[in-house]
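Q: Here it is: the structure, laid out below.
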Amino acid sequence: MRRKFLITGYLSLLPLLLPLILSACKGLSYDARRAMREADTYQLYPEKETAFKTSSHENIRVLIMSGVTEIRVSSTSLCEVRNFEEKVTLIRAQTVFPRISEDGIRLTGNNLHLDRIIILATGDGMLSLNGKPYRGKLIIQRNAEGKMDVINVVGLEAYLYGVVPKEMSREWSLEALKAQAVVSRTYTIYQRERNGNRDYDLCATITSQVYGGKEAESERTNRAVDETRGMVLFYNGQLILPYFHANSGGITEDAQYVWAVKLPYLKGVRDDYSMNVPNYLWKLSLPLDEIRKALNEKGFNIGQIERLMPVKVSPSGRVEKIKLSHSGGETIISGNEFRLKIGPTLIRSTLFSVTCDNREVHFEGKGYGHGVGMSQWGAYAMAREGYSYRDILGYYYREVTIQVQSSGVHGSRLD
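According to our numbering, the sequence shown is numbered sequentially starting from 47.
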């Protein structure tokens, strides 16, 4: 089962043909230290040819707050506030209080009103936003709604320090954490290149990857990032889109059966490692009226439901299409859409069977998430059995290579 990976040297520009991208800033984020949560709200569509500048030394722009009217920024040294366009220092103080006004962003004790400012810590200091520490610097800008957005500009590897412990439990084996670090790094670079013309690259929530800033860091997860520094996943010369989820339920899914797009590196595999771990099996009973209400609140026009049944399943057993027979006729929707509309924390996966009685639907399912790509609980189990992060990645992503984005570093084969 163990696969060999080729680590190649970094090329400053890699011409890549991107067959698809996300329709929204997604990542399937999941905080293993809390209740398993995920977004699952993205779609794929064809994209024109794009060249990736894959440098691990560039900064990442993370939207950490949106739509606020007042914030407090402090520093362990001094805060240096600059006019973003002119880069002129306006204020130096240990704490500043940007707030929104009709004329823009106002700083307490200063009559200037600006649409965009940048705040840095002097020397080796570190900034805190409302008491929460962040590496790097902060951009504060007025948004279209007349409120403030806060963007953390931080180096890629430092950003990952705050991501890995929010996406996977810091208590897990180092090899599982290293696999997550490579996946999150690959996803981050993909999104940075895709969103280059926007004000930020990713969100700090489950909309992208969960990012907790400096306070989320731990020695163990930082080590996982450091020991995989610069490593990203490629398939046939292209940076991959590395989907992941909580638990596959014993078999992963082809991307084509979830989003109708073929990705050769995202093929379904038997996944015994995801069995006998949390969220492998689940059950749920819902009244038909509750299902109707949930769907209609999301834009459907469903009458009184008389019957609900899967009408198409994928080779893995996941529901591709589900039919609702109701007083207004028949409605067929995809299994993935049905799950998202009802609630992805209720319908934990589309790998389920259905029975109906007494105006209730009984679901018996396996796994948690869409099932595409790496199973985080599978990675956990593989690491506990002694597999390396390279083995884990090779198992869930087919025929990929790991490339190191370090200028001047030449790769060698990993056996």
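Here a beta-carbon is modelled for each residue, glycine too, at the ideal position from N, C-alpha and C.
Report yes if the C-beta distance between I348 and L354 is below 8 Å; otherwise report no.
A: No, the pair does not count as a contact, with Cβ atoms beyond the cut-off.
Q: From the DSSP output, read off the bridge partner residues of W423.
A: According to DSSP, which records beta bridges pairwise, W423 is partnered with nothing at all.
Q: Measuring alpha carbon to alpha carbon, tell me which residue in K344, H372, S331, S399 is nearest S360.
A: Out of K344, H372, S331, S399, S399 has the C-alpha closest to the C-alpha of S360.
Q: Pick out whichever of R269, W328, K224 has its Cα sitting closest to the Cα of M420.
A: Nearest C-alpha to M420: K224.
Q: May I have the straight-line CA-CA distance separating I368 from L386, to the nearest angstrom?
A: For I368 and L386, the distance between alpha carbons rounds to 13 Å.
Q: How many whole angstroms separate the CB atoms of M172 and V228, which I take to be in contact at a CB cut-off of 8 Å?
A: Rounded, the Cβ-Cβ distance is 27 Å, inconsistent with contact.
Q: Can I163 and V127 be called in contact, C-beta distance under 8 Å?
A: In this structure, V127 lies closer than 8 Å to I163 by Cβ.
Q: Since H372 sits in a beta bridge, which residues does DSSP pair it with?
A: Paired residues: I351, G375.
Q: Taking 8 Å as the cut-off, decide whether the C-beta atoms of I351 and Y311 are in contact.
A: No, they are not a contact pair.
Q: Assuming Y257 contacts V446 (C-beta within less than 8 Å), just tell me the rounded distance between them.
A: Not a contact, Cβ separation roughly 25 Å.
Q: Under a Cβ-count criterion, where at least 16 other Cβ atoms within 10 Å of its own Cβ denotes burial, should T267 be classed as buried or exposed?
A: Counting Cβ neighbours within 10 Å, T267 comes out buried, since at least 16 surround it.
Q: Would K212 be called buried (16 or more neighbouring beta carbons within 10 Å of its own) or exposed?
A: By the neighbour-count rule (16 or more Cβ atoms within 10 Å), K212 is buried.
Q: Look at the Cβ atom of G424, then the Cβ atom of S294, and state whether they are nearer than 8 Å.
A: Cβ atoms of G424 and S294: closer than 8 Å.
Q: Exposed or buried, Y441, counting other C-beta atoms within 10 Å across all chains shown (16 or more means buried)?
A: Y441 should be labelled buried.
Q: Does the beta-carbon of S331 have 16 or more other beta-carbons within 10 angstroms, so that it is buried, or is it exposed?
A: S331 comes out exposed.
Q: Looking at D170: is its Cβ nearer than 8 Å to the Cβ of S123?
A: Closer than 8 Å, so yes.
Q: Nearest to G415 by alpha carbon, out of A292, N322, E104, R316?
A: The option with the nearest alpha carbon to G415 is A292.
Q: Grab me the residues of I146's own chain with a C-beta within less than 6 Å of its C-beta, minus the 5 sequence neighbours each way, in chain order.
A: So the qualifying residues of the chain are T115, K193, M194.
Q: Is the separation between the beta-carbon of P288 and that of Y435 shorter than 8 Å?
A: Not in contact: P288 and Y435 (Cβ atoms no closer than 8 Å).
Q: Assign E263 to one of three DSSP states: helix, strand, or coil.
A: In this structure, E263 counts as coil in the three-state DSSP scheme.
Q: Run the CB neighbour count on R80, radius 10 Å, all protein chains shown included, and call it buried at 16 or more, exposed below.
A: Legend: pLDDT at R80 = 35, less than 50; position of this residue unreliable, no value from coordinates given.
Q: In terms of residues, what are the limits of the beta strand (DSSP E) holding W218?
A: Looking at the DSSP string, W218 is not in any beta strand (DSSP E), and its letter there is neither H nor E.
Q: H372: which of L334, S395, G363, G177 sits nearest, CA to CA?
A: For H372, the nearest C-alpha among the options comes from L334.
Q: Please look up how many angstroms separate the CB atoms of G113 and E191, rounded, as I've assumed it's under 8 Å.
A: Contact flag correct, Cβ pair sits at about 6 Å.
Q: Please report the distance separating the alpha-carbon of V450 from that of G345.
A: Spanning the two alpha carbons is a distance of roughly 46 Å.
Q: So within the region 172-248, which uninterrupted alpha helix (DSSP H) runs reach at least 4 residues, ignoring any that extend past its ends?
A: The region 172-248 contains these whole alpha helix (DSSP H) runs: 202-207, 210-213, 220-240.
Q: Tell me, to the nearest whole angstrom, how far the beta carbon of A222 is from that of I438; I am working on the premise that it is less than 8 Å.
A: Confirmed, Cβ separation roughly 7 Å.
Q: Could you tell me which whole beta strand (DSSP E) segments of length 3 or greater appear in the region 268-317?
A: Within the region 268-317, the complete beta strand (DSSP E) runs of at least 3 residues are 277-281.
Q: Check whether the Cβ atoms of V196 and M321 sit closer than 8 Å, and answer yes or no.
A: Not closer than 8 Å, so no.
Q: Pop quiz: A250 and V418 are said to be a contact at Cβ under 8 Å. What is the actual Cβ separation, rounded to whole angstroms?
A: The pair is not a contact, with the Cβ atoms about 23 Å apart (cut-off 8 Å).
Q: What distance in whole Å lies between the Cβ atoms of T234 and L248, which are believed to be in contact at a cut-off of 8 Å?
A: Contact flag correct, Cβ pair sits at about 7 Å.
Q: Can you check whether the CB of G411 is closer than 8 Å to the CB of W305?
A: Not closer than 8 Å, so no.
Q: Look up F130 in the DSSP assignment and say whether it is helix, strand or coil.
A: Reduced to three states, the DSSP call for F130 is coil.
Q: Per DSSP, K367 forms a beta bridge with which residues?
A: Answer is K358, S380, bridged to K367.
Q: So the alpha helix (DSSP H) L439 belongs to, where does it begin and stop?
A: Note, L439: alpha helix (DSSP H), 435-442.
Q: What's the C-alpha gap between D300 and S380?
A: Distance between the alpha carbons of D300 and S380 is about 15 Å.
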